[in-house]
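S.K.: Mapping of the sequence shown onto the numbering used here: position 452 corresponds to residue 500, and the numbering continues sequentially without gaps.
Ideal Cβ placement from N, Cα and C applies to all residues, glycine included.
A single structure is presented below for examination.
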Amino acid sequence: MSRQPAYGPDATGPCPCTGPSHGPHQDDDRLVGRAEAAVRLSGTDPRRALSEARAVLELTRRAEPAGPYGEAASVALRASALAARELGDLELAEERLREAIGAAREHPRRVAQARMSLVTVRAQLGDPEGGLRLAGLAERHLTGTDLARLDVQRSVALMLLGRHAEAVRHCDRAIGPLDEDPRFQAGALLNRGLAHAYLERYGRAEADLARCARIARCAGLDHLVMLAEGNLPFVAARRGDIAAAFTRYRAAEETLFGYPERLAAMRTDFAEALVAARLPGEARALLELAVPELVAAQAHAAIPQARLSLAQTALLSGDARLAGATARTAYAELAAQGRTAWLPLATEVVLRARLADTADRPRDGFTDPAADWAPGAPETPTTQEEPGSPKTPGAPGTLSASGTPSALEASGSLEAPRSPDTPGEDLITELVACADELAACGWSAASSALRLTAAASAVRLGALGRAREQLRIAAATATRPLVRWHAVALRHHLDGDLGQALAAAARGIEATHPQCVADDESSGDVTLQAGTTHPAGAGSSGGATLPTETAHPAGDADAGSSGDTVAQASTGRTGGGAASEDVHAPERDAELRAHAARPAEDLASFGLEIAIDHARRTGDAWAVLEWSERWRAVVRGAPPPFPPLENRRLPVPLPGDRRAGAGLLVELVRRGDELFAVTADAGGCALRALGSYQAAVEATKRIRYGLRRRVLRDAGHPAGADDEAVARELSALDRRLLSGPGTLTSPGSPGQGAAGPVTIVPTGALGTLPWPLLPSLRGRPVSVAADAARWFAPAPAPPGGDPLVMSVAGPGLDHAADEAAMVAAAHRRARRVGASRAEVLRALEQADVLHVAAHGLFSPRGPMLSHITLDDGPLMAYDLLTARRMPRLVVLSACDAGMAHAPVDGAALGLAGTFLDRGAACVVAGVVPVRDDEAPALMTLLHTLLADGRSPAEALALASEKTAVPGFVCFGDGRLPAG
């Protein structure tokens, strides 16, 4: 590991001791005072503190460590250590603090002070238990305010262990006695605020951070002010208030400009909170900025943890190769720093990345048992890998924290193996070994979840005995009811009892439903939290296997450093908007945490897989639809939208009936690469296999590319050639998805429903398909939704009177102003509004229909970073979260504004999804680029039809057919008129 130079570029030279000497004790007193000044300086100007500490050490070099200058040397070494830690070199900090302990053998109080500073260093090096032992030793020789300072240090180690309630108690005890020490008092408030955040006491957390900032600002402790304000986005994101989180992030980014290491640390913290809020793309974008900044700043302690977080977000985003490579680098860095407790987390990402590279990998459920085995069949002995499939050679390695070679080290290499069709026996062995290591290091939830993955992989290999053993361990050791029920469901599936497997999976999903979490001071239901638990923490909860969340407590307050604290993440974002125009307040988002729980998603996905198997045997398509909706509901953090249905049938709608289930529902589901369609209406429900999901995705990509070539005229070919190619692709995909028997006809009455409204609930990347262009859907009212919640819910009665329509024309488009004027002219109650962010946000809260003609940019890797360009800058997707009300209908005449690829089904992100999540009933938006000169014709006719009382889906179908302008889709529920 490289180390910071003793003299920074801005350090002053050593100040020689001046004045007459009156003996060693007086000299020592002066040097002690000078060393203590260096300690105080280490937090605000660490390079100068290093210079001053070296000057003192030069003057004490002639003395023996335990001689008359031993006290001054010890304090100077401690100052050097604190400055080194502030500069990110934890190894050097530990070395200097141990030297400080040796130099102060005749001064017990100085030894205790050095041990006190060593508490957080050991904790940040991955040994929080060792830090607490040091605190116990230091406590014997400390009194008064030093004991209070020790409590602040202890709180860092306790939070690393997930013991957040204990951390709060220690900070409570410290804050009062530290009234005369603003540095430590502010640090105690910072740490207590973060502990409150982990306990879901968000009001207290924000109050403590605000008070910390006030005290630090008055005392001139700018570094603590930055830490307090830099943690506000983290708290807001954990609370589920994503709009406030991004707003505070932008403010903190400005505050931390010029402090690249602290800015990078803040980005890392915020990114990991975003992962818990199911925004991995946005998190990855921040981490890709943060990691190089940390490397440039030589922030050695923070680099591997940030890199591990990047690996985890890459895996969540589907980039297994980047995840594996980044996790291997993080593993090497953590190992070099001796942070053994973190090594299994890096190993887990590497192993999961290897699984992702195998064909048809499991999602912690049995997606495709071995070809020679079926549920209920006799178990077969463990099979060996196929000939020619090399096993990773074993090699001796260093011992992990559990006392056994780590999974990566035991393999002899950090390189990923070739990708076989199924995971080999060696990979399953490594998965089990990693689960053991995770358990030994205290990451119990991650261990249990990985055992489920190992069991699934063992089934695919045919090693059913091994699978049962892992399921037995998982069921016995899991701390979360959800994981235990998942293991039980898997065991029933092994026995061939699909009914009991479904019942167990349902019990597990029920265990994730929040009860009463609205009270801000409630500690919350720990079983809902997502993210890996903390080592050996009594207060830690089970959760997902990937997200690892850090935030920065004050650490050693006299150094002003930011201690790395790891904790669970559990946040929510507002679920799909109901018919009411009011939206959820941020304080209520704590009730929606289940959508962030990756284990719940895995269990719901497994339930869906069982339901598909069950339907193939029994023809029960309703079970597939029910579990598909349950999975999507888990993502939203809401109960399934199914009403109580007698005999699983919807009431037959009468003409003009506004009851649930109007029109035809086609919901796509997948199991591995298998794609299915569930069709439902008042006549019943049917299931149809559609073939390969990946083939449909590739066709969607070709269609989108062909439309882009046609629309932008950028291929150098005649438009007719592009039209013909797109038409062929659309026809082929239509035959695959919709033209087969039973897909677009009433399940109960074949041949019926051929012209009524259709609601499509796509899966994965098929959400980006321009569905209205498929031949079977041309001219039909088509809505594309993230789930069937609105289809099942009774439609609200339309408001009386003419709707208030507002139109906006953004900059840089030649025809936008004319389009906005024509839109306003089409309606009885309409007006233009300015294209500023403030005016548009106000219009959102006033209009019944909002039309925006502006440039739009979809960010596929960070949908919340999508935006619409306005006169005074971009209107970001996360800005929409601040709106207290949404129009019933939003029309986005902007490029790619509707394109959204959700990380999991049910989470409709991007601009269209954000409008819908905040309460809009319907969003008309493009999924391919739109020509500025073509949009006005389509939009003018669309609004003319809307003014005549047509529904958005019907109006879009007619307008698209008459103008031949392709690419717009009606998202949400487009079956009801806007007025």
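1) Give me the Cβ distance between L208 and L182, rounded to the nearest whole Å; I'm assuming they're in contact under 8 angstroms.
2) With distances taken Cα to Cα, identify the nearest neighbour of Y297 among M987, Y926, A864.
3) With C-beta atoms as the reference, is E982 less than 7 angstroms away from R933?
4) For R665, tell me which candidate among T295, L237, L546 has the shortest Cα-Cα distance.
5) Going by alpha carbons, who is nearest to A559 out of Y246, A872, A652, L781?
6) At which residue ranges does the segment 819-889 contain complete alpha helix (DSSP H) runs of 4 or more residues, listed in the order of the chain?
7) How would you call E228, buried or exposed, if buried means at least 16 neighbouring beta carbons within 10 angstroms?
8) Roughly how many angstroms separate the alpha carbons of H863 and D1021, rounded to a whole number?
9) What alpha helix (DSSP H) runs, 4 residues minimum, are completely inside the segment 276-360?
10) Rounded to a whole number of angstroms, what is the C-alpha to C-alpha distance between L738 and A375?
11) Report yes if the CB atom of P328 is closer than 7 angstroms to the CB atom of S365, and no otherwise.
12) Going by Cα to Cα distance, which pick from D668, R876, G961, R516 is closest to L993?
13) Across the segment 810-826 and the segment 866-885, are there enough close Cβ pairs to call them in contact, namely three or more that are closer than 8 angstroms?
14) Between A942 and G921, how many whole angstroms is the CB-CB distance? I'm expecting something under 8 angstroms.
15) When the Cα of G711 is compared with those of R508, Q360, A344, T807, which residue comes out closest?
16) Compare the Cα-Cα distances from A515 to each of T525, L500, A526 and report the closest residue.
17) Return the first residue and the last residue of the beta strand (DSSP E) that S740 is part of.
18) Closer than 8 angstroms by C-beta to L125: which residues in its own chain qualify, once you throw out the five before and the five after it? Chain order, please.
19) Pairs of beta-carbons, one from the segment 899-908 and one from the segment 304-317, closer than 8 angstroms: are there three or more?
20) Going by beta carbon distance, what residues of the same chain come within less than 7 angstroms of A549, once the five residues before and after it are set aside?
21) Expressed to the nearest angstrom, what Euclidean distance is found between the alpha-carbon atoms of S779 and N279?
22) Report the residue ranges of all alpha helix (DSSP H) runs contained in full by the segment 219-256; include only those spanning at least 4 residues, in chain order.
23) Indicate whether V397 and L363 have their beta-carbon atoms separated by less than 7 angstroms.
24) Taking Cβ to Cβ, would you say A368 is nearer than 7 angstroms to A331?
25) Along the chain, where does the alpha helix (DSSP H) that runs through P176 open and close?
26) Is it the case that the Cβ atoms of A300 and E336 are separated by a distance below 7 angstroms?
27) By how many angstroms is the C-alpha of A669 removed from the C-alpha of C733?
28) Could you pull the start and end residues of the beta strand (DSSP E) that A121 belongs to?
29) On a Cα-Cα basis, can you pick out the residue from L530, C260, S907, P308 that is closest to S496?
30) Relative to the C-alpha of G720, which residue among E772, W675, L656, D771 is closest?
31) Alpha carbon to alpha carbon, what distance is there between L226 and F8?
32) Between which two residues does the beta strand (DSSP E) containing E722 stretch?
33) Run through DSSP, which three-state label would V375 get?
34) Which term fits D93, buried or exposed, when burial requires 16 or more other beta carbons within 10 angstroms of its beta carbon?
35) On the DSSP letters alone, give me the boundaries of the beta strand (DSSP E) that E893 sits inside.
36) In three-state terms, what does DSSP make of L166?
M.R.: Checking against the coordinates, here is how it stands:
1) Not quite, the Cβ-Cβ distance comes to about 14 angstroms (not below 8 angstroms), so this is no contact.
2) The option with the nearest alpha carbon to Y297 is Y926.
3) Taking 7 angstroms as the Cβ cut-off, E982 and R933 do not qualify as a contacting pair.
4) Per the C-alpha coordinates, the member of T295, L237, L546 positioned closest to R665 is L546.
5) Distances from the CA of A559 to each of Y246, A872, A652, L781 were compared; the closest alpha carbon is that of A652.
6) 837-840, 864-873, all fully within the segment 819-889.
7) With fewer than 16 Cβ atoms within 10 Å of its Cβ, E228 is classed as exposed.
8) In this structure, the alpha-carbon of H863 lies about 29 angstroms from that of D1021.
9) Whole alpha helix (DSSP H) segments, 4+ residues: 280-287, 290-303, 308-324, 328-344.
10) Near 37 angstroms, if we compare the C-alpha coordinates of A375 and L738.
11) Taking 7 angstroms as the Cβ cut-off, P328 and S365 qualify as a contacting pair.
12) Closest by alpha carbon: R876.
13) Verdict: no, contact absent.
14) Not confirmed; about 15 angstroms, so no contact.
15) Nearest option by C-alpha distance: T807.
16) Of T525, L500, A526, the residue nearest in Cα terms is L500.
17) Boundaries of the beta strand (DSSP E) around S740: 732-740.
18) These residues qualify, in order along the chain: A101, L105, R144, L145, E147, A148, A151, A162.
19) Per the Cβ contact rule, the segment 899-908 is not in contact with the segment 304-317 (fewer than 3 Cβ pairs under 8 angstroms).
20) Answer for A549: A537, H540, H541, I658, listed in chain order.
21) Looking at the two C-alpha atoms, the distance is approximately 52 angstroms.
22) If we require 4 residues or more, the alpha helix (DSSP H) runs fully inside the segment 219-256 come out as 230-246.
23) Pairing V397 with L363 gives a Cβ-Cβ distance under 7 angstroms.
24) With contacts defined as CB atoms closer than 7 angstroms, A368 and A331 fail to qualify as a contacting pair.
25) 176-187 is the span of the alpha helix (DSSP H), which, as asked, contains P176.
26) At the C-beta level, A300 and E336 stay beyond 7 angstroms of one another.
27) The alpha-carbon of C733 is positioned some 6 angstroms away from that of A669.
28) Careful: A121 lies outside any beta strand (DSSP E), inside the alpha helix (DSSP H) at 118-134.
29) Of the listed residues, the one whose Cα sits closest to S496 is L530.
30) For G720, the nearest C-alpha among the options comes from L656.
31) Since the displayed the chain opens at 49 and closes at 1027, residue 8 lies outside it and no answer follows.
32) Per DSSP, E722 is one residue of the beta strand (DSSP E) stretching across 722-729.
33) Correcting the residue type first, residue 375 is Ala in the shown sequence and not Val. In the three-state scheme derived from DSSP, where H, G and I count as helix and E and B as strand, A375 is classed as helix.
34) Within 10 angstroms of the beta-carbon of D93 lie 16 or more other beta-carbons, which makes it buried.
35) Neither: E893 is in no beta strand (DSSP E) and is coded neither H nor E.
36) Collapsing the DSSP output to three states places L166 in a helix.
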